[in-house]
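Novice: Just dropping this structure here.
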Amino acid sequence: MMIFMGSLRYFFGLAVVLALAVSCSAQAVKTAPAAAISANRAADLAESGKCGGAFPVLKKSLHQVTEKDLKKRIGLDGVHCAMTLNQFDQAQDFLQMLNRDFPRDPTVLYVSIHAFSDIATRKSQELARYAPKSAEAHELNAEAYEMQGKWDNAEKEYRGILQQDPKMAGIHFRLGRLLLSKPNPSPEVADEAKQEFEQELQIDPNNAGAEYVLGELARQSQSWDEAAIHFHRATKLDPGFGDAFLGLGESLVSAKKFSEAVEPLQMAVKLEPMNPATHYNLALAYSRTGRKEDAEQQFAIHRQMTQGSGDAATPASQN
1 MMIFMGSLRY FFGLAVVLAL AVSCSAQAVK TAPAAAISAN RAADLAESGK
51 CGGAFPVLKK SLHQVTEKDL KKRIGLDGVH CAMTLNQFDQ AQDFLQMLNR
101 DFPRDPTVLY VSIHAFSDIA TRKSQELARY APKSAEAHEL NAEAYEMQGK
151 WDNAEKEYRG ILQQDPKMAG IHFRLGRLLL SKPNPSPEVA DEAKQEFEQE
201 LQIDPNNAGA EYVLGELARQ SQSWDEAAIH FHRATKLDPG FGDAFLGLGE
251 SLVSAKKFSE AVEPLQMAVK LEPMNPATHY NLALAYSRTG RKEDAEQQFA
301 IHRQMTQGSG DAATPASQN
């Protein structure tokens, strides 16, 4: 099975080096409370490779230590030992603390990337070992092929899943998306993809993504009314789907239904305030419905954003 392998050995080495860099001085240990003394001793053990003895204390210290540098040290050593001992659930507890308390720390981000990657790698290996012929294993293979741009191999995996279970939700959607991802898809391929999305909706009528892509395909062929129907369904299935509201508004503008376009475009601006297209299309709808002042305001925001002005940092409040 093709998987992304993390540089675990490098990750462990880096974690130890960085943890040693924040070790407390001897004087600090003397004046620290009992919990801090215990935590420092556990960290020393972990950094000397004795995770078996250190890990229980590190877990306990995770909820006792408050001093910032020591807490980070405990977290990094805790991740290292948890991964070494194959205690993945415990590793996630330490990672959760680190990312909560040190959300922008580059070391924490780096360690998190490698830890989550290694957890995913090990779980994928277990899937390949214990259920190599399962639909989930085939789906994981297909995803890996997609990441490598091996479209035909990925399609074969998805087709294999449907042979096992013709009504498995999500697979027709993935097939349709894959077909459209191929370089320069022909009109025939687009039609085939459309059929896949339609089949997906027969299996899962609540798939907002399938409705959205069908809307995009209809919009590209200038079938404005058909596009609006699909985009509208997508917004009902997922009220937070900003692109679907934008697609609906754009289709209505293209069909010259400007009054109907205003409301979905207002919602698009609310959901995607940093997308220049939302402001531009709302400006068009306002302009064609006689709301000149509102239109100018939206056009101005669009100009600011496309010209790279920092003045458009929070445009959503303008409508």
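The opening residue of the sequence shown carries number 1 in my numbering; numbering runs sequentially from there.
Using N, Cα and C, we set each Cβ at its ideal position, and we do this for glycine too.
Could you check whether L271 and G242 sit closer than 8 Å to each other, using their CB atoms as the reference points?
Specialist: Yes, the pair counts as a contact, with Cβ atoms nearer than the cut-off.
Novice: Once DSSP output is grouped into helix, strand and coil, what is the label at F241?
Specialist: DSSP places F241 in coil when its eight states are reduced to three.
Novice: So, M168 versus A135, is the Cβ gap smaller than 8 Å?
Specialist: Yes.
Novice: Beta-carbon within less than 8 Å of V189's beta-carbon, same chain only, minus the 5 sequence neighbours each way: which residues are those?
Specialist: Closer than 8 Å at the Cβ level, and outside the excluded window around V189, lie L179, L180 and K182.
Novice: What does the alpha-carbon distance come out to for the pair Y158 and Q195?
Specialist: Straight-line Cα distance between these residues: approximately 15 Å.
Novice: Using beta-carbon positions only, say whether A210 and F197 come within less than 8 Å of one another.
Specialist: Cβ distance < 8 Å, so A210 and F197 count as in contact.
Novice: So, is the C-beta of E192 closer than 8 Å to a C-beta in chain C?
Specialist: Of the chains in the structure shown, none is chain C; there is only one protein chain.
Novice: Give me the Cα-Cα distance between A21 and I113, rounded to the nearest whole angstrom.
Specialist: Note that A21 scores 43 on pLDDT, short of 50, meaning its location in the model is unreliable and no value can be drawn from it.
Novice: Spatial neighbours of E260 within its chain, please: C-beta separation below 8 Å, excluding the five flanking residues on both sides.
Specialist: L252.
Novice: Going along the chain, which residues of its own chain have a beta-carbon closer than 7 Å to the beta-carbon of A234, five neighbours each way excluded?
Specialist: So the qualifying residues of the chain are A208, E211, Y212, G215, F241 and A244.
Novice: Under 8 Å by Cβ, that's how I've got G249 and L265 pegged, so tell me the actual separation to the nearest angstrom.
Specialist: G249 to L265, Cβ: 4 Å. Contact.
Novice: Output the distance between the C-alpha atoms of A228 and V262, rounded to the nearest integer angstrom.
Specialist: Computed Cα separation, rounded: 13 Å.
Novice: Can you round the beta-carbon distance between S124 and L140 to whole angstroms, since I take them to be within the 8 Å contact cut?
Specialist: The pair is a contact, with the Cβ atoms about 6 Å apart (cut-off 8 Å).
Novice: Would you report the Cα separation of Q148 and R177, rounded to the nearest angstrom?
Specialist: If you take the alpha carbons of Q148 and R177, they lie about 15 Å apart.
Novice: Hey, how far is the Cα of Q304 from the Cα of Q297?
Specialist: Whole-angstrom Cα-Cα distance: 11 Å.
Novice: State buried or exposed for E126, treating a residue as buried only when at least 16 other CB atoms are found within 10 Å of its CB.
Specialist: So E126 counts as exposed.
Novice: Go through the region 235-282 residue by residue and report every complete run of the alpha helix (DSSP H) that reaches 4 residues or more, in order.
Specialist: Within the region 235-282, the complete alpha helix (DSSP H) runs of at least 4 residues are 242-254 and 258-271.
Novice: What are the complete alpha helix (DSSP H) segments, minimum 4 residues, inside the region 132-156?
Specialist: Entirely contained in the region 132-156, the alpha helix (DSSP H) runs reaching 4 residues are, in chain order, 135-147.
Novice: With a threshold of 6 Å on Cβ separation, who are the neighbours of H172 within its own chain once the five nearest residues in sequence on each side are excluded?
Specialist: Cβ within range, chain order: E196, Q199 and E200.
Novice: Are D225 and A255 close, meaning C-beta to C-beta below 8 Å?
Specialist: Yes, the pair counts as a contact, with Cβ atoms nearer than the cut-off.
Novice: Take the Cβ of S221 as the centre, count every other Cβ of all protein chains shown within 10 Å, and call the residue buried at 16 or more, exposed below.
Specialist: Exposed, since its Cβ has fewer than 16 Cβ neighbours within 10 Å.
Novice: Around the C-beta of A326, are 16 or more other C-beta atoms found within 10 angstroms, so that it is buried, or is it exposed?
Specialist: With the chain running from 1 to 319 in the structure shown, residue 326 is simply not present.
Novice: Put D225 into one of helix, strand or coil per three-state DSSP.
Specialist: Here D225 sits in helix by DSSP.
Novice: Quick check: A91 and V79, are their CB atoms within less than 8 Å of each other?
Specialist: Yes, Cβ-Cβ distance for A91 and V79 is below 8 Å.
Novice: For M274, tell me which candidate among H302, K292 and G247 has the shortest Cα-Cα distance.
Specialist: Selected option, being the one with the closest Cα: H302.
Novice: With a threshold of 16 other CB atoms inside 10 Å of the CB of E47, please say whether the residue is buried or exposed.
Specialist: With 16 or more other Cβ atoms within 10 Å, it is buried.
Novice: Apart from the five residues just before and just after E67, which ones in its own chain have a Cβ nearer than 7 Å to its Cβ?
Specialist: Within the same chain, E67 has close Cβ partners A36.
Novice: If A39 sits next to L70, beta carbons under 8 Å apart, how far is it from one beta carbon to the other, in whole angstroms?
Specialist: So it is a contact: roughly 6 Å between Cβ atoms.
Novice: Leaving out five residues before and five after Q87 in sequence, what residues of the same chain have Cβ atoms less than 6 Å from its Cβ?
Specialist: Excluding sequence neighbours, Q87 sits near nothing in its chain.
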